[in-house]
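**Q** The structure that follows is given in the form of structure tokens.
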Amino acid sequence: MKKIYGFAFAAAIMSLASCSNDSEPVVNPTPGEETPAGFVSFHISSANSTRAGQDDGFDDGETYERTANDATFLFFDGTGVQTQAPQTIALTFKPNASNDAPAVSDISDPVVAVSGRDDKKPTEAVVILNCPSTIDFNGKSKTEVLSLVTNATVDTKDAFVMSNAAYFNGSTKVIATPLVDAAGNSAVYATRDKAAESPVNIYVERLAAKVQISFATTNGITTTNFEPSTTDIDINGKGKVTILPVITGMTLANQAQSMYLVKNVGEWSALDINDAANFRVNWAITPENTPLKNFSYNVLTDGVTDWKAYASAPVYIRENTLANGVTYENGTTDDKISRKTSVLLTAKLVIKNGTEVEELTDGLVRWAGIYYTPTQFKVQACNFLRDYYIVDEEATAEDKTGAIHYKNFADPSMLTYMSMEDHETYLDQNLKQWQTILKVDASKLPTEVYTYDKDSEKYVAFTGNLAETLNSVLAEKDNRFWYWTQGYAYYFVEIAAGNKAIVEGTGDDQTTDSTYEYGVVRNNSYSISLRSLSGLGVPVYNPDEDIIPQTPDEKLWFVGARINILKWRMVSQAADFNGNY
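When we follow my numbering, the leftmost residue of the sequence shown carries the number 972, and every step to the right adds one.
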């Protein structure tokens, strides 16, 4: 990853401003006059992205990805208090000619006027390039600035937002940059020329992560068709068939909608994820309450004429290192729900017979590892209600002793599948998105129903609300089942961070019981090569609900992925969507 070294500031009149444009003009001191002002010179170095296929592992990126129109400087004293109003200064660049570590793509050498009074002398600085206009730093301490969460757009093509990189120098965490020279002395000088002789290095990273999806190559030939593999299954009510997934859409699931403005890192100095030579840590902390953007099946497939167009241009997103799993309103947890940013493909399953295909118009059901047509599964589901009886009038009439006979009354015509509206409500009760349940039609239930009492060995009249009781039985977890509405399915693979070592997390900052294997981190470029897809995917019951990637309790399919670290820090990943039954 190359760093962009310094942006030259040379201005006689500088603007002291916050990002929200609350500014006051400050006139540069007249030469020869006594003044409290001092000067600091900077090299601002933007960390390059990482890309596979290059020996140094970094990529300069496109010109628009490293353009910086201005820099906003925040200065703090030793107690973390701002010493003056933020300064926003226009930037100019010159190309860098070296690829030595740290790799640098562009250089600028600004000199910034600061307060020079002893009681106001700054000791640290934070810089934001192309600062969003919605952020106001005025009066905020260093701790408050480093805790700022933003949902501002980070991928504006003419101005990518960048901020201080975070890394460890030995065991010392460096985020706010110390204003010292090579000897460790203060780099705040009384004259501009003196300051220019001893610039302070500040390293910045783009807030955006970059994802580029492509199709794998075999022997140098691009597999542009990305043809899914067929799967043979036996469907109760239809027989043995060959299922083919037809891809209908593509997106990135779990796109973070907010992030820390300045990179937030834990105590990771001893871990391999710290890259001190290139002034970065290849991990970050994502605010736990960050909302994630997802899309419904219908949104991803309606009107789509070519889903591969999604792979034609890079996608820029915020970093996301959230741990997987959610806690529902009822207090139960589910660690199978992914919160990692993932490549998500939607598909429609069809029955393939030679060159002909048959639509799964009625859908497909799977329960206890067996596949059913939805109609045939209603027959199977009648067994769930086997503990409820009615008088068997026909048998009684034929019994010469006059004995009463009972029979199970459940009939497939009494059952209906959960409505889409009910499905969305049940998700708060820990129903999975790929599951649904059957319900009874109260209008078709008998009026006199019995249950069998084992203690007395007699049939006794049921006196409760029959419809509510039967629906409760049908809603039990063991009676939930997978349902592919019209064959709708999705496949996903979490984006891998490209870290060489997988380290078990410790500490209180989202790393406990987690690893650094999967996640997207700012200023990394992830190149994901799609190779294959097989299996039936995760069922979609309600195509209007946003798809939250999750792995069913039964292993429906596996994903194989290969990661290559790409100068953005770019990560290349070959992804196979594989089914296993």
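No residue lacks a Cβ here, since even glycine has one placed at the ideal position from N, Cα and C. Please read all numbers here as calculations on a predicted model, not as lab measurements.
Just the C-alpha distance for T1124 and K1211, rounded to the nearest angstrom, thanks.
**A** Between T1124 and K1211, the C-alpha separation is close to 51 Å.
**Q** Using DSSP with H/G/I as helix, E/B as strand and the rest coil, what is N1135?
**A** Here N1135 sits in strand by DSSP.
**Q** Since P1216 is in the beta strand (DSSP E), which residue starts that stretch and which ends it?
**A** Its beta strand (DSSP E) spans residues 1210-1224.
**Q** Counting pairs of beta carbons, one from the stretch 1156-1163 and one from the stretch 1265-1274, are three or more of them closer than 8 Å?
**A** Touching, no, given that fewer than three Cβ pairs across the two stretches are closer than 8 Å.
**Q** Over the uninterrupted alpha helix (DSSP H) stretch that includes T1114, give me the two end residues.
**A** Looking at the DSSP string, the run of the alpha helix (DSSP H) that includes T1114 is 1113-1117.
**Q** Going by alpha carbons, who is nearest to L1409 out of A1374, N1401, W1453?
**A** Considering only alpha carbons, the answer is W1453.
**Q** Apart from the five residues on each side of it in sequence, which residues of its chain come closer than 7 Å, Cβ to Cβ, to P1514?
**A** Taken in chain order, the residues that qualify are S1267, Y1268, N1269, T1456, Y1459.
**Q** For the beta strand (DSSP E) holding E1465, just list the boundary residues, first then last.
**A** 1459-1465 is the span of the beta strand (DSSP E), which, as asked, contains E1465.
**Q** Compute the Euclidean distance between the alpha carbons of K1570 and D1524, then round it to the nearest angstrom.
**A** Look at the range of the chain in this structure, 972 to 1552, and you will see that residue 1570 is not part of it.
**Q** Nearest to G1141 by alpha carbon, out of S1229, E1238, M1133?
**A** Here the closest residue by C-alpha is E1238.
**Q** Could you check what DSSP says for R1502 in three-state terms: helix, strand or coil?
**A** Strand at R1502.
**Q** Might you give, ordered along the chain, the residues of its own chain that have their beta carbon closer than 6 Å to the beta carbon of I1099, omitting 5 neighbours on each side?
**A** The answer, listed in chain order, is T1043, S1134.
**Q** Under 9 Å, do Y1461 and V1420 count as touching if we go by C-beta distance?
**A** No, the Cβ-Cβ distance between Y1461 and V1420 is not below 9 Å.
**Q** Roughly how many angstroms separate the alpha carbons of L1150 and T1292, rounded to a whole number?
**A** About 31 Å.
**Q** Of the choices W1254, L1242, F1013, Q1226, whose alpha-carbon is the least far from that of N1235?
**A** Among W1254, L1242, F1013, Q1226, the Cα nearest to that of N1235 belongs to W1254.
**Q** Tell me whether R1493 sits in a helix, a strand or coil according to DSSP, three-state version.
**A** Correct three-state label for R1493: coil.
**Q** Under the three-state reduction of DSSP, which class applies to M1389: helix, strand or coil?
**A** Three-state DSSP puts M1389 in coil, outside helix and strand.
**Q** Can the beta-carbon of K1113 be found closer than 9 Å to that of F1197?
**A** No, Cβ-Cβ distance for K1113 and F1197 is not below 9 Å.
**Q** Out of curiosity, what's the CA-to-CA distance linking R1177 and R1493?
**A** Roughly 6 Å separates the two Cα atoms.
**Q** Looking at the structure shown, is R1289 part of a helix, part of a strand, or coil, going by DSSP?
**A** Three-state DSSP puts R1289 in a strand.
**Q** With H, G and I counted as helix, E and B as strand and the rest as coil, what does DSSP make of Q1544?
**A** Looking at Q1544 - three-state DSSP - the assignment turns out to be strand.
**Q** Give the single residue among D1382, D1358, T1434, L1437 whose Cα lies nearest to the Cα of K928.
**A** Residue 928 falls outside the range modelled here, since the chain spans only 972 to 1552, and no answer is possible.
**Q** Roughly how many angstroms separate the alpha carbons of Y966 and F1131, rounded to a whole number?
**A** The chain is shown from 972 up to 1552; residue 966 falls before or after that span and cannot be answered.
**Q** Out of curiosity, what's the CA-to-CA distance linking Q1055 and V1171?
**A** Each residue's Cα considered, the two are about 19 Å apart.
**Q** If you follow the alpha helix (DSSP H) that R1163 is in, where does it begin and where does it stop?
**A** Counting along the chain, the alpha helix (DSSP H) containing R1163 begins and ends at 1163-1168.
**Q** Does the Cβ-Cβ distance between L1263 and R1310 come in under 9 Å?
**A** A contact, by the Cβ cut-off of 9 Å.
**Q** In angstroms, rounded to a whole number, what distance separates the CA positions of P1417 and I1361?
**A** Their Cα atoms are separated by approximately 8 Å.
**Q** Assuming V1083 contacts F1010 under a Cβ cut-off of 8 Å, what Cβ separation, rounded to an integer in Å, is found between them?
**A** Yes, they are in contact, since the Cβ atoms of V1083 and F1010 sit about 7 Å apart, within 8 Å.
**Q** Determine the direct distance from the alpha carbon of G1274 to that of V1328, and round the result to whole angstroms.
**A** Between V1328 and G1274, the C-alpha separation is close to 21 Å.
**Q** Buried or exposed for Q1400, please, with buried defined as at least 16 other CB atoms from any protein chain shown within 10 angstroms of its CB.
**A** Result: exposed.
**Q** In whole angstroms, what is the alpha-carbon distance linking A1432 and D1517?
**A** Straight-line Cα distance between these residues: approximately 45 Å.
**Q** Could you say which of A1467, G1049, Q1406, V1491 lies nearest to V1509 if we only look at CA atoms?
**A** Checked all of A1467, G1049, Q1406, V1491; the closest Cα to V1509 is Q1406.
**Q** Could you tell me the boundaries of the alpha helix (DSSP H) in which Q1351 lies?
**A** 1345-1352 is the extent of the alpha helix (DSSP H) around Q1351.
**Q** Going by beta carbon distance, what residues of the same chain come within less than 8 Å of E1395, once the five residues before and after it are set aside?
**A** So the qualifying residues of the chain are N1513, E1516.
**Q** Just the C-alpha distance for P1199 and D1382, rounded to the nearest angstrom, thanks.
**A** Taking the straight line from one Cα to the other gives about 39 Å.
**Q** At a cut of 8 Å, does the stretch 1220-1231 reach the stretch 1285-1299 through at least three beta carbon pairs?
**A** Yes: at least three Cβ pairs fall under 8 Å.
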